[in-house]
Amino acid sequence: MKKYTEELRQKSTEELKKMVAELKEKLLKLRFKNAFGQLDNPMEIRKTRRQIARILTILRERGVKA
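Numbering (our numbering) for the sequence shown: 486 to 551.
What follows is the structure, given as structure tokens:
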């Protein structure tokens with residue numbers, strides 16, 4: 486996971502903001518699938534939430550609001 490975080494830190498602020506938006510959209514879709522019982526792997530929701538949190542943490546370290 487450390488390698489993934491290092492890769493995120495090398496990305497620009499705009500790229501990170503774009504990733505957050507995409508991941509939030511993905512999370513919404515996963516939640517709907519879960520509600521309808523169509524989600525194969527419920528851990529995917531947790532993984533996506535943590536990815537969003539990692540990116541937001543990096544953005545906050547930079548002093549940028551997402």
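Ideal Cβ placement from N, Cα and C applies to all residues, glycine included.
{"Check": "Alpha carbon of Leu493 to alpha carbon of Glu529, nearest angstrom", "Outcome": "19 Å"}
{"Check": "DSSP state of Gln523 mapped onto helix, strand, coil", "Outcome": "coil"}
{"Check": "Classification of Arg539 by the beta-carbon crowding that lies within 10 angstroms, buried from 16 upward", "Outcome": "buried"}
{"Check": "Cβ of Leu512 within 8 Å of any chain D Cβ", "Outcome": "This model lacks chain D altogether; it includes just one protein chain."}
{"Check": "From Met486, Leu501, Lys487, residue whose alpha carbon lies closest to that of Arg545", "Outcome": "Leu501"}
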